[in-house]
Amino acid sequence: MTERFDCHHCEESLFGKKYILREDSPYCVACFESLYASTCEECGKPIGCDCKDLSYKDRHWHEACFQCFRCKSSLVDKPFAAKEDQLLCTDCYSHEYSSKCQECKKTIMPGTRKMEYKDSSWHETCFVCRRCQQPIGTKSFIPKDNQNFCVPCYEKQYALQCVQCQKPITTGGVTYREQPWHRECFVCTACKKPLSGQRFTSREEFPYCLSCFCDLYAKKCAGCTHPISGLGGTKYISFEERQWHNDCFNCKKCSLSLVGRGFLTERDDILCPDCGKDI
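Residue numbers (UniProt numbering): 1 to 279.
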């Protein structure tokens with residue numbers, strides 16, 4: 001007796017009929033298509049067993065339905081791009097969405113390497129130094145007046161020269177007495193610490209940090225012996241070639257502040273009238 005060979009779903013005999021195996025189980029064509037056939041994204045109809053099923057990112061099309069959303073040309077065996085779930089041939093995608101080269105104004109085709117900087121794009125071969133016309137590629141460059149320059153050409157044509165080291169200043173820099181300096185070259189004449197962003201002063205046109213200037217040139221307080229910088233509005237008292245910080249100008253005996261008051265002197269000491277009445 002012959003063993004039965006039936007559709008796994010409808011149990012109709014498959015002898016003499018076309019069938020499809022799925023996970024080792026046979027199905028008649030009708031059952032297989034109703035249960036497992038993909039639905040075409042374009043026409044909405046099932047993609048039958050006798051049709052080629054073209055898929056892209058879990059979406060399916062009949063071969064005849066796999067076409068450009070804009071111009072309806074077939075995309076079978078052709079390059080294409082996707083935008084917002086729409087498939088486009090490269091011509092339509094380029095016309096609609098591709099960047100235009102800043103230099104030659106032509107479309108930068110999908111798949112073509114492009115260079116980008118501040119919302120502008122170039123073909124790789126169009127992204128060149130304005131001065132030497134050599135491709136910049138991934139090398140450093142400097143933009144100026146909507147043009148791009150490789151670093152050596154920019155330095156030759158535009159960069160200021162640091163008055164200290166005589167080398168080009170390509171970024172940032174400091175201006176002192178109308179002359180350009182690298183930030184790292186603008187240092188205290190005495191201790192060589194950087195002065196950029198710090199308070200400083202000068203003597204005979206040489207810059208000094210406040211600490212060095214006070215140590216080297218400021219007068220010393222007769223009271224505490226610390227320098228009196230006189231910078232930033234610092235107040236001090238001067239009497240007979242001696243100087244005091246305001247806070248240090250006090251009576252030697254009772255420590256009363258003598259700022260704005262009468263006082264007496266006894267050798268190097270200053271005294272209030274009460275403490276000095278007996279001298």
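Don't be surprised by glycine CBs; every beta carbon is placed ideally from N, CA and C.
Contact annotation: the region 50-70 touches the region 30-42, with at least three C-beta pairs closer than 8 Å. Leaving aside the five residues that flank T170 on each side, the residues in its chain whose CB is nearer than 6 Å to its CB run, in chain order, A159.
Assignment of S238 by DSSP, reduced to helix, strand and coil, places it in the strand class. Apart from sequence neighbours up to five positions away, the residues of its chain that approach V29 with a beta-carbon distance below 6 Å are K18, C49, ordered along the chain.
Going by beta carbons, G260 and P273 fall outside the 8 Å limit. For T201, the secondary structure class from DSSP, reduced to helix, strand or coil, is strand. Counting along the chain, A81 sits inside the beta strand (DSSP E) bounded by residues 80-83. Listed in chain order, the non-local C-beta contacts of S121 below 8 Å within the same chain comprise S99, K100, C101, Q102, I108, K114, M115, local neighbours out to five positions each way being set aside. If you look at T90, you'll find it in the alpha helix (DSSP H) that goes 90-96. Relative to C209, the option among G223, A222, K193 whose CA is nearest is K193. D77 and C89 have their C-alpha atoms roughly 11 Å apart. Only buried fits L75, as 16 or more other CB atoms lie within 10 angstroms of its CB. The alpha-carbon separation between C150 and K83 amounts to approximately 36 Å. Annotation for S211: the continuous alpha helix (DSSP H) segment containing it runs 210-217. G223 and R242 have their C-alpha atoms roughly 10 Å apart. T175 has P180 as its beta-bridge partners, per DSSP. For S34, no beta strand (DSSP E) run applies; the uninterrupted alpha helix (DSSP H) run containing it begins and ends at 29-36, by DSSP. Here V187 carries a strand assignment [DSSP, helix/strand/coil]. Scanning P26, G111, R183, I136 for the CA closest to the CA of K167 turns up R183.
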